[in-house]
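Residue numbers (the working numbering): 3 to 223. Yeah, the Cβ is synthetic: ideal placement off N, Cα and C, and Gly gets one too. These numbers come from a predicted model, not from an experiment. Working notes for the structure below.
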């Protein structure tokens, strides 16, 4: 009888260990700390990415709102995020699994969203620290065109993202796109080119004029 009771106790102890182990496995497995100390800028880094990939006709623009989800601005995006909690953030859990409605973000883009959530999902704006007042008398790359690219384009067209295989984050890359005619075609919304910025208003006339003058002048640095 004593041997039976001893065996029963051992079995009960083993069951407790197994149960506790299973309970531990149910704990959140998503990262809980950002992988970078750099602040993720919602306006410059995240918003262009989500507008480009998600806020388009048939998906998550205001007119379509697939499944009632809109991804056009901070308020509509923030509605699907739980700050500092990836497991409770529908946005993160949707993009991390792979393709969604034909769109698949690369690991660096997913990590960008991950870090933004873990940094508190803040509406960080004006992160570039560069005040820009458009003046058509100024049209060098470093003085004006670069600022326009950083403000309007680089969020979607950079070394990590390069949507449509186009980069606009360096002088050489912008010059290459401009020389092909694609830059003016896109910002002027010409036939045969995808209107840019995608899913947003056309660039102000002054900014488009500056870019055209820069190209006409030989694209000076």
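Worksheet item: According to the neighbour-count rule (16 or more other Cβ atoms, all chains shown, within 10 Å of its Cβ), is residue 26 buried or exposed?
Response: In this predicted model, residue 26 has a pLDDT of only 41, less than 50, meaning its place in the structure is not dependable; the value taken from the coordinates is given anyway. That one is exposed.
Fill in: Segments assigned alpha helix (DSSP H), at least 4 residues, entirely inside the stretch 54-85
76-80
Worksheet item: Does the count of Cβ pairs from the stretch 108-119 and the stretch 129-148 closer than 8 Å reach three?
Response: no
Discussion item. So for residue 186, helix, strand or coil by DSSP?
Written reply: helix
Worksheet entry | Sequence-distant residues of its chain with Cβ nearer than 7 Å to residue 24 (five each side left out) | With a pLDDT of only 46 at residue 24, under the threshold of 50, the placement of this residue in the model should not be trusted; the figure read from the coordinates follows. Taken in chain order, the list of residues that qualify is empty.
Practice prompt. Using DSSP bridges, identify the partner residues of residue 105.
Written response: 102
Worksheet entry | For residue 210 and residue 154, the rounded distance between their alpha carbons | 12 Å
Item to complete: Have a look at residue 224 and residue 187 and give me their C-alpha separation to the nearest angstrom.
Response: A query on residue 224 cannot be resolved here, the shown segment of the chain reaching from 3 to 223 and no further.
Worksheet entry | Extent of the continuous alpha helix (DSSP H) run through residue 207 | 207-218
Worksheet item: Using a Cβ-Cβ cut-off of 6 Å (strictly less than) and excluding sequence neighbours within five positions of residue 104, which residues of its own chain qualify?
Response: none
Fill in: Simplified DSSP state of residue 27, which is helix, strand or coil
Unreliable placement is indicated for residue 27, whose pLDDT of 37 sits below 50; no coordinate value is reported for it.
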